[in-house]
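Here's the structure we're looking at; comments come further down.
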Amino acid sequence: MDFEFKEVKVVDPRQVSLELKALFASQGLAVLSTHEHGQPYCSLVAFSSSEDLKQLVFATTRSTRKFSNIDEDSRVSMLIDNRSNRVSDFHEAMAVTVTGRAEESLGPEKDGLLKLYLAKHPHLEDFVMSPSCALMRLDVLRYYVVSRFQHVMVLAMKE
1047 MDFEFKEVKV VDPRQVSLEL KALFASQGLA VLSTHEHGQP YCSLVAFSSS EDLKQLVFAT
1107 TRSTRKFSNI DEDSRVSMLI DNRSNRVSDF HEAMAVTVTG RAEESLGPEK DGLLKLYLAK
1167 HPHLEDFVMS PSCALMRLDV LRYYVVSRFQ HVMVLAMKE
């Protein structure tokens, strides 16, 4: 596995990666956080993840605030969760904060990431193929996994 544990409450990283993959497969949208002159700015984005969980992919037009913010400072975070807005969420919901650096995917790597993105979001093909659209790659540094609002684990990606 390409993970190292910083804080451990679950011992098996394979189990955690399976849980992350299941969560990511079940959710089409995430909240992307950038910052503009030090002020946090959040956006809803459609995302996909690489099989090894080292990269997340999303798309945006180059005229958006999020693109401009990333161009200025590539440090971002993304929140992916499975809440249902019910009381049971306090015991059953899982939320993952992903931290890393984002940049536009260009050149040969773009083809593979585009296939990955469109496999999950075929309905966004016209959008992502538009000349004004940028396919963005988030290189993951850490996953902060929170379940049952008290069970916290930090997974750092090995470089």
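The sequence shown runs 1047 to 1205 under the numbering used here. Ideal placement from N, C-alpha and C gives every residue a C-beta, glycine not left out.
Run the CB neighbour count on residue i, radius 10 Å, all protein chains shown included, and call it buried at 16 or more, exposed below.
i: Ser-1095; result: buried
i: Gly-1084; result: exposed
i: Ser-1193; result: buried
i: Leu-1064; result: exposed
i: Ser-1151; result: buried
i: Arg-1060; result: exposed
i: Ala-1068; result: exposed
i: Ser-1079; result: buried
i: Arg-1183; result: buried
Please report the straight-line C-alpha distance between residue i and residue j, rounded to a whole angstrom.
i: Glu-1171; j: Phe-1070; result: 20 Å
i: Arg-1132; j: Ala-1139; result: 10 Å
i: Leu-1181; j: Val-1122; result: 15 Å
i: Glu-1118; j: Pro-1154; result: 24 Å
i: Met-1203; j: Ser-1176; result: 32 Å
i: His-1081; j: Ile-1116; result: 8 Å
i: Thr-1143; j: Tyr-1190; result: 5 Å
i: Pro-1168; j: Val-1174; result: 10 Å
i: Met-1199; j: Val-1062; result: 9 Å
i: Gln-1196; j: Ala-1141; result: 11 Å
i: Ser-1114; j: Arg-1108; result: 7 Å
i: Arg-1147; j: Ser-1089; result: 16 Å
i: Ser-1120; j: Phe-1093; result: 17 Å
i: Thr-1110; j: Leu-1201; result: 31 Å
Using CA coordinates, which residue listed in the options is at the minimum distance from residue i?
i: Arg-1188; options: Gln-1073, Leu-1125, Gly-1084 and Ser-1114; result: Leu-1125
i: Lys-1166; options: Gly-1084, Arg-1060 and Ala-1105; result: Ala-1105
i: Lys-1112; options: Tyr-1087, Gln-1073, Val-1174 and Tyr-1190; result: Tyr-1087
i: Leu-1164; options: Met-1203, Gly-1074, Arg-1129 and Lys-1067; result: Gly-1074
i: Asp-1127; options: Ala-1076, Val-1062, Met-1199 and Met-1203; result: Ala-1076
i: Val-1091; options: Val-1200, Glu-1097, Val-1062 and Cys-1179; result: Cys-1179
i: Ser-1072; options: Ser-1089, Ser-1130, Asp-1185 and Ser-1120; result: Ser-1130
| task | Pair every Cβ in the stretch 1144 to 1162 with every Cβ in the stretch 1093 to 1111, then say whether three or more of these pairs are closer than 8 Å. | result | Judged by pairs of C-beta atoms under 8 Å, the stretch 1144 to 1162 touches the stretch 1093 to 1111, as three or more such pairs exist.
| Which full runs of the beta strand (DSSP E) of 3+ residues lie inside the stretch 1091 to 1125, going along the chain? | The stretch 1091 to 1125 contains, as complete beta strand (DSSP E) runs of 3+ residues, the segments 1101 to 1107 (chain order).
| Fully enclosed by the stretch 1118 to 1200, which beta strand (DSSP E) runs are 3 residues long or longer? | Within the stretch 1118 to 1200, the complete beta strand (DSSP E) runs of at least 3 residues are 1121 to 1127, 1140 to 1150 and 1179 to 1193.
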